[in-house]
Structures are given as C-alpha cells and as structure tokens.
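Heads up, the thing below is written out as structure tokens.
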Amino acid sequence: MIKRLASGPYLFWLIMFIIVPLLMVFGYSIVQTDSSGNLSVSFSNFARAFDPIYITVLGRSLKIALEATAICLLMGYPMAMILAKMNVKYRTFAVMMFVVPMWMNFLLRTYAWMTILGKNGVLNGILSFFGLPQVQFLYSEGAVLLGMVYNFLPFMVLPIYTVLMKMDSSLIEAAEDLGGNKVTVFSKVILPLSIPGVLSGVSMVFMPAVSTFVISNLLYGGQYMLIGNLIEQQYLVVNDWNFGSAVAMILMALILISMAVMNKVGGDNPEDRGTGLW
Amino acid sequence: MKRALAILLMIVLVGSLFTGCKKEDQVVLNVYNWGDYIDEDIFDTFEEETGIKVNYETYATNEEMYTKIKKGGTQYDIAIPSDYMIEKMIKEDLVEPLDLTKIPNYANIDDRFKNLDFDPNNEYSVPYFWGTVGIIYNTNLISDPIDSWSVLWDAKYANQFTMVDSQRDSIMVALKKLGYSMNTKSVDELEAAKQALIEQKPLVLAYVGDNVKDMLISEEAAMAVVWSGEASNVIQEYDNFEYVLPKEGSNIWFDNIVIPKGAKNIDAAHEFINFLCRGDIGFKNADYVGYATCNTETMKLLDPALMGTTYAYPDDSLLSNFEIFQDPGDFITEYDRIWTEIKAK
Numbered sequence: 001m002i003k004r005l006a007s008g009p010y011l012f013w014l015i016m017f018i019i020v021p022l023l024m025v026f027g028y029s030i031v032q033t034d035s036s037g038n039l040s041v042s043f044s045n046f047a048r049a050f051d052p053i054y055i056t057v058l059g060r061s062l063k064i065a066l067e068a069t070a071i072c073l074l075m076g077y078p079m080a081m082i083l084a085k086m087n088v089k090y091r092t093f094a095v096m097m098f099v100v101p102m103w104m105n106f107l108l109r110t111y112a113w114m115t116i117l118g119k120n121g122v123l124n125g126i127l128s129f130f131g132l133p134q135v136q137f138l139y140s141e142g143a144v145l146l147g148m149v150y151n152f153l154p155f156m157v158l159p160i161y162t163v164l165m166k167m168d169s170s171l172i173e174a175a176e177d178l179g180g181n182k183v184t185v186f187s188k189v190i191l192p193l194s195i196p197g198v199l200s201g202v203s204m205v206f207m208p209a210v211s212t213f214v215i216s217n218l219l220y221g222g223q224y225m226l227i228g229n230l231i232e233q234q235y236l237v238v239n240d241w242n243f244g245s246a247v248a249m250i251l252m253a254l255i256l257i258s259m260a261v262m263n264k265v266g267g268d269n270p271e272d273r274g275t276g277l278w
Numbered sequence: 001m002k003r004a005l006a007i008l009l010m011i012v013l014v015g016s017l018f019t020g021c022k023k024e025d026q027v028v029l030n031v032y033n034w035g036d037y038i039d040e041d042i043f044d045t046f047e048e049e050t051g052i053k054v055n056y057e058t059y060a061t062n063e064e065m066y067t068k069i070k071k072g073g074t075q076y077d078i079a080i081p082s083d084y085m086i087e088k089m090i091k092e093d094l095v096e097p098l099d100l101t102k103i104p105n106y107a108n109i110d111d112r113f114k115n116l117d118f119d120p121n122n123e124y125s126v127p128y129f130w131g132t133v134g135i136i137y138n139t140n141l142i143s144d145p146i147d148s149w150s151v152l153w154d155a156k157y158a159n160q161f162t163m164v165d166s167q168r169d170s171i172m173v174a175l176k177k178l179g180y181s182m183n184t185k186s187v188d189e190l191e192a193a194k195q196a197l198i199e200q201k202p203l204v205l206a207y208v209g210d211n212v213k214d215m216l217i218s219e220e221a222a223m224a225v226v227w228s229g230e231a232s233n234v235i236q237e238y239d240n241f242e243y244v245l246p247k248e249g250s251n252i253w254f255d256n257i258v259i260p261k262g263a264k265n266i267d268a269a270h271e272f273i274n275f276l277c278r279g280d281i282g283f284k285n286a287d288y289v290g291y292a293t294c295n296t297e298t299m300k301l302l303d304p305a306l307m308g309t310t311y312a313y314p315d316d317s318l319l320s321n322f323e324i325f326q327d328p329g330d331f332i333t334e335y336d337r338i339w340t341e342i343k344a345k
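Chains as they are written, first to last, in the working numbering: chain A, 1 to 278; chain B, 1 to 345.
This is the structure we're talking about:
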C-alpha cells in the first residue's frame, strides 16, 4: 500500500512530463494543416523526411555521433582504467577533476572552445609564435567532433570507471594465478566484465551526440545541419511543428533501435545488467 | 484512511507552492524584444517613475518571436516585430489594437514613419527604430572597394565573411544579387536564389546572429552582412570599418512596438510605449542600440555627425532600390522549404 502510494509522484511525473508530451509529438507528426487551417491525418511529414536532403542530414548526424562515440570509447576506457587503478589518495581528486568541469554551464564550455579555436584564438596564437601558418580550426567538422568528444567524454569514463571499481579483484587474481598474462587477463576477464559499463557509456555518449544542435551551431557557425538542428529549425524558425515532430519521431525510433541492438549484444549475461549507471 | 491522509497532504503541499509566492500588487510588464535592442537602464527609470516593474526577455529573429506568440501560453505585454511580421500578426489577429490617446508622445514620431503599408493607420503599432541591411567590412583586411552583393560570391573572400542566420534576410541577399524583388512570389526566382546560396555556402565562414559584432572586432571575420545598427555600433568604436549599401538594393526595415494578444497589462503597456516615445528615453536607446530613430524629439539630441552616414541616417538617393519586406502569406512555406534545404546541404 505504502509502496504504491510512494510511487504516486513518480507516476504523475511519468504521465505528465514523459507520456503526454510524447503523445503530443506523435500527434503533431501525423497531422497536416492545410492553408485554411483544417487538420487532416496524413503521413506526408514522414514521407518528406525521406527526401534525399534529409537522409543526408540523418546520415551526417549518425556518422559524426558514431565517430564521437568511438573516440570517447578509445580515450575513455584507458582513462577509466587508470582512474580505477590509482592510489585511493589521488583517485578521489582525479575523479573530481573529471566531474568539476561538468558543473560549469555546457554552453559556456562550448563558447570557450570558440575562443580557443578561432582565427586569432589561443591555438593559432601558439602556431604563429612558432612561425607556423594560421589554420582554420573553427567552423569545421573537426571542431564539431572535438566539441562532442570534449562535452561527452565524462559520460563514457564514469560508467566504465564504476564498473571497473566494483569488479571482484579475486577474479583477476585467480586469472593471474592460473597463468594468464596481462593481455589474457584483460581480454578474458576485465573486458567482458566491464561490458555493461561500456554499453551504458556508449549509449550515454551516442544519444546526446546524435541529437545535439548547440555544438554544431556554435562550432560550425550554423552551416552544418545535424538532425538536431533540423528539428530545432522546424520548431523555432519555420514554424512547421508537424514536420519537426515527424523528424523527432524518426530520431527516437533510431535511438530505440540502436539501444535494442546494444542490449542484444551485451544481454547474454543478465546478472551484469545494472552494474552500469543505468 | 492512510491513503486519504496522503492525498490530503499532497494537496496541501502542492497548494502551498502557489500561496507561498503570492504576488504583490506591483504590476509586472512582460517585454519581449530583440537581443541587445534596448538600453536596459531605462527599465529602472520606468520603474521609478511609474512603479511598474519590467520583466525582460529576448529573441533573435522575427520568426522565433512569432512562433512563440502564435502557439499561445505566453503573456507578453510588449513585442517589437518588424514590418512584414506586423502585417502577418495583424492578419492573424495576434496583436491588440492601440489606443493612441493614451500615447500622447506619439506626436513625436516623424510623419515619414507613420501610416506605412503594413499598418496603414497605426492602429496596432508605434514606430521604434528603422534601418537597413548592408555589408560591413574591415578596411585593414579588405582593400578593394565593396559596393555590391556579388563580393559575397567572390572566391577571393572565402571564409572571410558571415551571413545572417535568418531566412528572409539571407534569401533577400541572393534575390537582390540576381536582380529580383525580395518579395518575390515566383518559385523559379526562389529556386534560383536557393541555387545561388548553395553555391555560396562553401565560401561562408558562418551564419551568425547577435555575435557578429564580436566576430568583426576580433577579426575572426573581415566582412559581414549586418543590420545597420550593428554596423553603427562597430564603426563608432573602431575607425577601420566601413558600411556599404549595395548598389543592387537591399532591405529597408521598420521595427514597431506592438501589444501581442494575450497581454495582461494593456494599460501599463500603453504607458510603456508612451515612455519609449519620449525624446530623452528615445535618445538613450538610440545611443545604445545604434539604429536610426523615428522620433523627431530624439533627432534633436543626436550628434549631427551621424546625419548622412550610411549606417545611421543615409541619404535618400542611396536607398532607391531598397524594399520593405512584405508578408508573403501562405507562400512563406516556399521560403521555409528553401531555407531548410539550403541549411541542410
């Protein structure tokens, strides 16, 4: 009884702020307003979303999000291992160093990159100090990728770190006692056991990366349309909420599919689930 | 029993959220304006004089403001849209009619700016500022003379200039360059403009909004399509900038003050409009934002050196090919589509 009552606020939250808005977005996506303001159910918004132009946008978003996720994983895994193996004395401090920048506003941190990468920014200042020619860092795909990796890296490191920390060290010792060298221990014991952390890290980086519009807007000067920018534009600029909602639904479907695929990949060992952040 | 108690508790808790912050009697006026488009110090003056507090919010484009008001749920008492948007908002019944008898300072407004086509009898709007769209460039970085939109298609200036991140303004540049009207309702002409903008895209450094001034000053960009007031701000502080009105013509625009539908403080809004039309307040704003005033009393206070400059009060002869934006009605969906396609490329 008490349990059920306690879930009341959450249920209310779930319905009001998750289910109802989702249904609204879905509703917008399947209607069309004609010039006289009449509503009619139609799938033309979805049909339009499969125009080659928008497929290009979608492909571009997926590509850069996957790249950002891959880089985060390649950098984040070793970082998490280093953190987990650190002496307790320094470890708390090192983890703090990862978390502290996240206390600062996300927008501000991205703006900071603009002054670093700019034509007369810090990086070009260093280059010209050594007599090297100026490089156009800002307003390029590389800048967007950098912005994504920078902003989302902690979301990769922290879940992997948590999993590595919780790992039963006797398993590793057993593997070593049985004659496994470092490579074998890592590939046969540590890596498989850390998969849940990797999976939650991957989805926590991939999801915001595939839907961001701020990073691409600032670091590529509004010229690089990702699917997030497309949705934002439909809502805020051209006032076509129906098309915007259709694109949003497609994006959600994509994320759902990729989550399902990942669950499948990492789902063979149900006991490990929940070891990640979520 | 327990359940009833819990529900009661919840009601009390939720209820206390509302009673806890019960508003005082002070009127709060919700002003919705372009970013950087008013001297915010005048809000204090207004509060001192009338006791009305101003709650201030900003937008970056007419479209953003329109979408928010159109979708409802907002309670803005004041907004400052441009000409074509006012025309559209009047058509769609999104603005309240004004009572000009409550705005005696309306007499200060120059007759040139009254009764313009988008609001023929000023039943809904009072002029605020006017200006143009043109090209500003850094004379230290660009030595060749600039007088035409075509420089924005010149590979020589690749990655040195910025465009405006606003659909009508950027499409306008392409239409004017091609010699068409910026109010065209021809799909072919729009398609041609689209092709031109897509062709131009690799040369553009960025599509920007309010941060264009910083980009110019930090020399991130050497040239930019800007609204005249932004040029005015930059030029008055730095000597090495020049603002030109392209020979193919461009946009001349008027921003007027309106009371959006749904406003809760109609009287206070009139009072605020009257306050903005006062000569000295108009001067403070003009001095801060850099755009050209529509107010004769403010004109008298301005630095005479501003007269005849391209960025503030240009000579009429320079404005011969200039057009005012009109609301394209339902045809706007074509503009929307084309802008989306340009940005998606």
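Beta carbons are placed, not taken as given, at the ideal position from N, Cα and C, and that holds for glycine.
C-beta contact flag for residue i and residue j at 8 Å
i                : j                : result
Ala68 (chain A)  : Val149 (chain A) : yes
Ser61 (chain A)  : Ser245 (chain A) : no
Tyr207 (chain B) : Thr139 (chain B) : no
Leu158 (chain A) : Phe98 (chain A)  : yes
Asp255 (chain B) : Pro120 (chain B) : no
Val144 (chain A) : Tyr220 (chain A) : yes
Met44 (chain B)  : Trp253 (chain B) : Before going on, a small fix: residue 44 (chain B) reads as Asp here, not Met. No, the pair does not count as a contact, with Cβ atoms beyond the cut-off.
Lys264 (chain B) : Gln75 (chain B)  : yes
Ile38 (chain B)  : Val258 (chain B) : no
Val244 (chain B) : Gly134 (chain B) : yes
Pro246 (chain B) : Ser148 (chain B) : yes
Lys176 (chain B) : Ser250 (chain B) : yes
Per-residue DSSP class, three states only, for residue i
i                : result
Phe241 (chain B) : strand
Leu98 (chain B)  : coil
Asp267 (chain B) : helix
Ala312 (chain B) : coil
Ser82 (chain B)  : strand
Ala60 (chain B)  : coil
Asp169 (chain B) : helix
Lys91 (chain B)  : helix
Gln326 (chain B) : coil
Val27 (chain B)  : coil
Gln236 (chain B) : helix
Val238 (chain A) : coil
Ser150 (chain B) : helix
Lys182 (chain A) : helix
Pro260 (chain B) : strand
Thr275 (chain A) : Here the model assigns Thr275 (chain A) a pLDDT of 44, short of 50, so the residue's position is not dependable, and the following value carries that caveat. Coil at Thr275 (chain A), not helix or strand.
Cys21 (chain B)  : Below a pLDDT of 50, predicted positions are generally treated as unreliable, and Cys21 (chain B), at 47, falls in that range; no measurement from the model is reported.
Thr56 (chain A)  : helix
Residue of the options minimising C-alpha distance to residue i
i                : options                                : result
Leu153 (chain A) : A:Tyr54, A:Tyr77, A:Ala47, A:Gly27     : A:Tyr77
Asp267 (chain B) : B:Lys102, B:Gly72, B:Glu40, B:Leu94    : B:Lys102
Ile324 (chain B) : B:Gly262, B:Glu63, B:Met172, B:Leu203  : B:Met172
Ala158 (chain B) : B:Gly179, B:Val164, B:Leu203           : B:Leu203
Lys53 (chain B)  : B:Glu271, B:Cys294, B:Glu297, B:Ser150 : B:Glu271
Met89 (chain B)  : B:Trp149, B:Gly329, B:Thr340, B:Glu334 : B:Gly329
Ala47 (chain A)  : A:Val183, A:Gln32, A:Ser211            : A:Gln32
Phe243 (chain A) : A:Val20, A:Val25, A:Gln134             : A:Val25
Val289 (chain B) : B:Ala221, B:Ile142, B:Ala269, B:Ala312 : B:Ala312
Leu117 (chain A) : A:Ser194, A:Leu83, A:Phe137            : A:Phe137
Cutoff 8 Å; reference residue i; Cβ partners in own chain excluding five residues on either side
i                : result
Trp278 (chain A) : Caution applies to Trp278 (chain A), whose pLDDT of 41 falls short of 50 and renders its modelled position unreliable; the model cannot decide the point.
Cys21 (chain B)  : For Cys21 (chain B), the predicted model reports a pLDDT of 47, less than 50, meaning its position is unreliable; a value from the coordinates is still stated below. If we look at Cys21 (chain B) and ignore the five residues flanking it on each side, it has no Cβ neighbours.
Asn183 (chain B) : Glu323, Phe325, Gln326, Pro328
Asp315 (chain B) : Gly308
Met114 (chain A) : Gly121, Leu138, Leu218, Leu219
Met262 (chain A) : Leu199, Val202, Ser203
Residue i - partner residues in DSSP beta bridges
i                : result
Ala206 (chain B) : B:Thr162
Met223 (chain B) : B:Tyr137, B:Phe161
Asp255 (chain B) : B:Ser82, B:Phe129
Met307 (chain B) : B:Tyr313
Thr293 (chain B) : B:Phe129
Val198 (chain A) : Per DSSP, none; premise fails for Val198 (chain A).
Residue i CB to nearest heavy atom of the ligand COA below 7 Å
i                : result
Glu220 (chain B) : The ligand COA is absent from the structure shown, which contains no ligands of any kind.
Beta-carbon contacts of residue i that lie in its chain and below 7 Å, excluding the five residues immediately before and after
i                : result
Tyr106 (chain B) : Leu100, Val126, Cys277
Val214 (chain A) : Leu107, Thr110
Thr58 (chain B)  : Asn33, Trp34, Gly35
Sequence-distant residues of its chain with Cβ nearer than 6 Å to residue i (five each side left out)
i                : result
Ile42 (chain B)  : Ile281, Lys284
Gly228 (chain A) : Ser211, Thr212, Phe213
Val205 (chain A) : Thr69, Cys72, Phe152, Phe155, Met156
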